[in-house]
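Enquirer:
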Amino acid sequence: MHTDITRAPFGTLPDGAQVSQFTLTNAAGMIVKILDFGGIITQIHVPDRAGQFADVALGFDTLEPYLKDSPYFGALIGRYGNRIAKGRFTLDSRTYQLPVNNGENHLHGGEPGFDKVLWQAAVEDGSLVLRHRSADGEQGYPGNLEATVRYSLSDDNEIVVRFQATTDQPTPVNLTQHSYFNLHGAAGPGGDILDHVLTIDADRFVPIDTGAIPLGELSPVTGTPFDFRKPRAIGERIEQPDKQLRHGIGYDHCWVLNRTPGSKALQRAAHVLEPASGRVLELWTQEPGVQFYSGNFLDSSLTGKGGRQYEFRSGLCLEPEHFPDSPNQPEYPSTILRPGEIYATESRFRFSVEK
Numbered sequence: 021m022h023t024d025i026t027r028a029p030f031g032t033l034p035d036g037a038q039v040s041q042f043t044l045t046n047a048a049g050m051i052v053k054i055l056d057f058g059g060i061i062t063q064i065h066v067p068d069r070a071g072q073f074a075d076v077a078l079g080f081d082t083l084e085p086y087l088k089d090s091p092y093f094g095a096l097i098g099r100y101g102n103r104i105a106k107g108r109f110t111l112d113s114r115t116y117q118l119p120v121n122n123g124e125n126h127l128h129g130g131e132p133g134f135d136k137v138l139w140q141a142a143v144e145d146g147s148l149v150l151r152h153r154s155a156d157g158e159q160g161y162p163g164n165l166e167a168t169v170r171y172s173l174s175d176d177n178e179i180v181v182r183f184q185a186t187t188d189q190p191t192p193v194n195l196t197q198h199s200y201f202n203l204h205g206a207a208g209p210g211g212d213i214l215d216h217v218l219t220i221d222a223d224r225f226v227p228i229d230t231g232a233i234p235l236g237e238l239s240p241v242t243g244t245p246f247d248f249r250k251p252r253a254i255g256e257r258i259e260q261p262d263k264q265l266r267h268g269i270g271y272d273h274c275w276v277l278n279r280t281p282g283s284k285a286l287q288r289a290a291h292v293l294e295p296a297s298g299r300v301l302e303l304w305t306q307e308p309g310v311q312f313y314s315g316n317f318l319d320s321s322l323t324g325k326g327g328r329q330y331e332f333r334s335g336l337c338l339e340p341e342h343f344p345d346s347p348n349q350p351e352y353p354s355t356i357l358r359p360g361e362i363y364a365t366e367s368r369f370r371f372s373v374e375k
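Letter by letter, the sequence shown follows residues 21 to 375 of this note's numbering.
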């Protein structure tokens, strides 16, 4: 890789700590900007089929909205991405109560989660490395967790995200990256993401109740609006009279990726094409699932980069992760990290152009 990384100030936190923005530029001219606050990806500049670059990541021009208004734009999520029912789980015969911040449930590690902390940043071997120590009892989680995230930008226009963590007590861990994408370009007039053509390599998905908590089963996508095994426009079936679409107010579900049980191979999870520009995003991951979220809670109340109002469904998320509420679902792949083990997982967001 021939990645150039520079650092510049991006504002001051209420406690006086300085926030920095790191700019990663590869040999192809792709630019990614990342904060040490929340590990937030603020900008992703990639070309269309005519070679015109645009920023395809939703976000803000300044620090302040990230502190209070952001729906996790671009952020690192932890200790547990997605929801835990009623903020409660039992581990080794002990019950833990986490704060609830999404109705009666715990979402994305609580408030503040990893998206609202200042990570220790360093540039190492052509990558941006972020480190955070989450103390025992933080947001109710047991154990001191040492988390490291390594962001790299390849010359093949891949944002590579490598997570690693260790603990001194058993604890749930499910880290993810929560960027919102709009392949039209997220800073200009844009538009919604309903014309984006999506493929998800999954035969099953996780049905949810009205609080977005899994019902327990893993259901086939066959014959449902959740079948993206062949390319389909996101908007093609999103308004169908389907109970699961009503529960998510659109797509806000975890898909069970087609992989060999126990395999940690890096494989393609999803492919997104924006037909007009030709921009393509692929997600490759070692995770067993991907949460596809169609921006259902964006409502024009947030003013983003360049003064753009982020309207309903103007961004999509593809969050590589374990399944929601796994600490309470013994049939799901385990998310429990124990002392002496190393949590390690890699995901790649690969950008290209369809000619």
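C-beta atoms are modelled at their ideal positions from N, C-alpha and C, and glycine is treated no differently. Fair warning: this is a prediction, and the values are worked out from it, not measured in the lab.
Which one or two residues does DSSP pair with A185 in a beta bridge?
Expert: DSSP, once it has assigned bridges, lists A167 and Y363 as partnering A185.
Enquirer: Using C-beta distances below 7 angstroms, list every residue in its chain close to L338, excluding the 5 sequence neighbours before and after it, in chain order.
Expert: A290, L303, V310 and F312.
Enquirer: Got a sec? Which residues, its chain only, sit under 8 angstroms from V120 by beta carbon, not counting five neighbours each side?
Expert: Only K106, G107 and H126 meet the Cβ criterion.
Enquirer: So, helix, strand or coil for I158, using DSSP?
Expert: First, the amino acid is wrong: residue 158 is Glu here, not Ile. In the structure shown, E158 sits in a helix (DSSP, three-state: H, G or I).
Enquirer: Which residue comes first and which comes last in the beta strand (DSSP E) that contains H198?
Expert: T196 to H198 is the span of the beta strand (DSSP E), which, as asked, contains H198.
Enquirer: Taking the continuous beta strand (DSSP E) assigned at P340, which residues delimit it?
Expert: Its beta strand (DSSP E) spans residues L336 to E341.
Enquirer: Taking Q264 as part of the alpha helix (DSSP H), name the residues at either end of that continuous run.
Expert: Taken as a continuous stretch (DSSP letters only), the alpha helix (DSSP H) holding Q264 covers K263 to G268.
Enquirer: Suppose the cutoff is 8 angstroms on Cβ atoms and the five residues either side in sequence are ignored; what does the same chain contact list for D223 look like?
Expert: P240, V241, T242, R249, V276 and N278, listed in sequence order.
Enquirer: Since Y100 sits in a beta bridge, which residues does DSSP pair it with?
Expert: Looking at the DSSP assignment, Y100 forms a beta bridge with N194.
Enquirer: Tell me the residue span of the beta strand (DSSP E) that contains G29.
Expert: Gly is not the amino acid found at residue 29; the sequence shown has Pro there. Run containing P29: D24 to T32, per the beta strand (DSSP E) assignment.
Enquirer: What span of residues does the beta strand (DSSP E) with L87 cover, start to end?
Expert: Taken as a continuous stretch (DSSP letters only), L87 belongs to no beta strand (DSSP E), being part of the alpha helix (DSSP H) at E84 to K88.
Enquirer: Give the straight-line distance between the Cα atoms of D386 and D75, rounded to the nearest whole angstrom.
Expert: The shown model of the chain, from 21 to 375, leaves out residue 386, and the question about it has no answer.
Enquirer: From the DSSP output, read off the bridge partner residues of E302.
Expert: Answer is H291 and R370.
Enquirer: Inspect the CB distances between the segment 365-373 and the segment 175-184 and report whether three or more fall short of 8 angstroms.
Expert: They touch, by the three-pair rule.
Enquirer: Just checking my contact of L150 with G59 at CB under 8 angstroms: how many whole Å lie between their CB atoms?
Expert: With 8 angstroms as the limit, L150 and G59 qualify as a contact, their Cβ atoms being about 5 angstroms apart.
Enquirer: What is the DSSP secondary structure of N348, counted as helix, strand or coil?
Expert: Helix.
Enquirer: Where does the unbroken beta strand (DSSP E) through G309 begin, and where does it stop?
Expert: Run containing G309: G309 to Y313, per the beta strand (DSSP E) assignment.
Enquirer: Less than 8 angstroms between the beta carbons of P227 and F109, yes or no?
Expert: Not a contact, by the Cβ cut-off of 8 angstroms.
Enquirer: Who are S354's beta bridge partners in DSSP?
Expert: None, per the DSSP bridge assignment.
Enquirer: Measure the C-alpha to C-alpha separation of A167 and T43 and round it to an integer number of angstroms.
Expert: Roughly 22 angstroms between the two C-alpha positions.
Enquirer: Could you tell me which residues DSSP puts in a beta bridge with T62?
Expert: Per DSSP, none; premise fails for T62.
Enquirer: With DSSP collapsed to three states, give me the class of I213.
Expert: Looking at I213 - three-state DSSP - the assignment turns out to be coil, as it is neither helix nor strand.
Enquirer: Could you tell me whether the Cβ atoms of S154 and A77 are closer together than 8 angstroms?
Expert: For S154 and A77, no; Cβs fall outside 8 angstroms.
Enquirer: Going by DSSP in three states, E256 sits in which element: helix, strand or coil?
Expert: Here E256 sits in helix by DSSP.
Enquirer: Beta strand (DSSP E) containing D272: first to last residue?
Expert: Where D272 is concerned, the enclosing beta strand (DSSP E) stretches over D272 to L277.
Enquirer: What are the boundary residues of the beta strand (DSSP E) that includes E144?
Expert: Where E144 is concerned, the enclosing beta strand (DSSP E) stretches over Q140 to E144.
Enquirer: What's the call for I362, buried or exposed, on a 16-neighbour Cβ count within 10 Å?
Expert: Classification for I362: exposed.
Enquirer: Please report the straight-line C-alpha distance between H152 and P347, rounded to a whole angstrom.
Expert: Spanning the two alpha carbons is a distance of roughly 23 angstroms.
Enquirer: What residue range does the beta strand (DSSP E) around Y330 cover?
Expert: Taken as a continuous stretch (DSSP letters only), Y330 belongs to no beta strand (DSSP E), as it is neither H nor E.
Enquirer: Hey, could you find the ends of the beta strand (DSSP E) D75 is sitting in?
Expert: Its beta strand (DSSP E) spans residues F73 to D75.
Enquirer: Beta-carbon within less than 6 angstroms of S429's beta-carbon, same chain only, minus the 5 sequence neighbours each way: which residues are those?
Expert: Nothing about residue 429 can be read from this structure; the chain reaches only from 21 to 375.
Enquirer: Flag this pair as yes or no: are the beta carbons of P295 and V217 separated by less than 8 angstroms?
Expert: Cβ distance < 8 angstroms, so P295 and V217 count as in contact.
Enquirer: Alpha carbon to alpha carbon, how far is N316 from S174? Give it in angstroms, no decimals.
Expert: The straight-line gap from Cα to Cα measures roughly 32 angstroms.
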